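Below is one structure, written out as structure tokens; comments come after it.
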Amino acid sequence: MEAQKNGVFRYILNIQDSKILEGKYHFLVQLNIDRGYKRRSPENIISMNQPFNGEDFNFTKLVSEEQIMNLINTDKDDIIAINASPIEYCHSLLLPQRCKQLPQLVTKHSLLKAIELFSLSLSSYIRVAFNSLCAFASVNHLHWHLYYLRWRMLLEYIVTTFLFCYSLYIYILLVQSSYIELN
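The sequence shown begins at 1 in UniProt numbering and counts up one residue at a time.
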């Protein structure tokens, strides 16, 4: 509410309409006109491996009103910030290792931090999302999206026995390797 009162958002979230599409996947579509017109223009992205460019907008340029909290850790600069162009209720950004100025590519540290934040919530509506370059990421600076969505997503009900086992295996490997690095 503080950021909203201070006019930090590019617009106030106002989803005019939403519906579930018929068909096999039941996609949710939402009409958020302000996001189409008022969000920051995406960078000119030509590659998923495009290097970070400090001249473009990046999250080291956030004003203090946009920063919600610092996550406590020893030598990393992990913060939660508002998303000035929200797509959903409580839309915020996880900015892992912000001062390292990393491009929008998943790192082990960022994935573990996203999983950690996800696992801290008791809400079944929390979502943690990553959009890569060439998939409409408007900023080439490592970030994850955090928001609440009251609709079931495909991955919550699709048959995923193999995918789930494989994902759990990767998660266990990541946790084990993090534990080994810490000790």
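The beta carbon of each residue, even a glycine, is placed where N, CA and C say it ideally should be.
Computed from a prediction, not measured in an experiment: that's the story for all the values here.
Residue from the options whose Cα sits closest to the Cα of residue i
i, options, result
"R150", "L28, L102, F59, K5", "L28"
"K19", "L122, N49, N32, V8", "N32"
"I15", "I45, I87, F57", "I87"
"Q104", "S121, S64, I45, I126", "I45"
"R98", "C134, V128, C90, F57", "F57"
"Y125", "Y148, T107, A135, L133", "Y148"
"P42", "L155, S132, Y157, E156", "S132"
"Y157", "K24, D17, V8, L122", "K24"
"I12", "L155, K100, Y89, T107", "Y89"
"D77", "S85, L94, A84", "L94"
"F9", "F59, T60, E66, E22", "E66"
"G54", "L21, M48, H26, Q101", "Q101"
"Y37", "S121, S119, R152, S85", "S85"
"V106", "N140, F59, M153", "N140"
"R127", "F136, L154, C134", "L154"
"T60", "H26, S47, F130, P96", "P96"
"A135", "V63, S64, S119, N49", "N49"
"G7", "F118, V63, L120, D17", "V63"
"F130", "Q30, F118, D17", "F118"
"D17", "R152, K5, Q30", "Q30"
Residues that residue i bridges to, as DSSP identifies them
i, result
"Y145", "The question names Tyr, but residue 145 in the sequence shown is His. Note: H145 sits in a beta bridge opposite L93, A129."
"A81", "Q67, L93"
"Q30", "S18"
Nearest-angstrom Cβ-Cβ length linking residue i and residue j, presumed shorter than 8 Å
i, j, result
"R35", "S138", "So it is not a contact: roughly 11 Å between Cβ atoms."
"L71", "I79", "7 Å"
"I115", "S92", "Actually they are not in contact, since the Cβ atoms of I115 and S92 sit about 16 Å apart, beyond 8 Å."
9 Å Cβ cutoff, residue i in contact with chain B
i, result
"F118", "Chain labels in this structure do not include chain B; a single protein chain is all it has."
Looking at C-beta atoms only, is the number of pairs between the region 131-151 and the region 104-119 that lie closer than 8 Å three or more?
Pairwise C-beta distances place the region 131-151 in contact with the region 104-119, as three or more of them are shorter than 8 Å.
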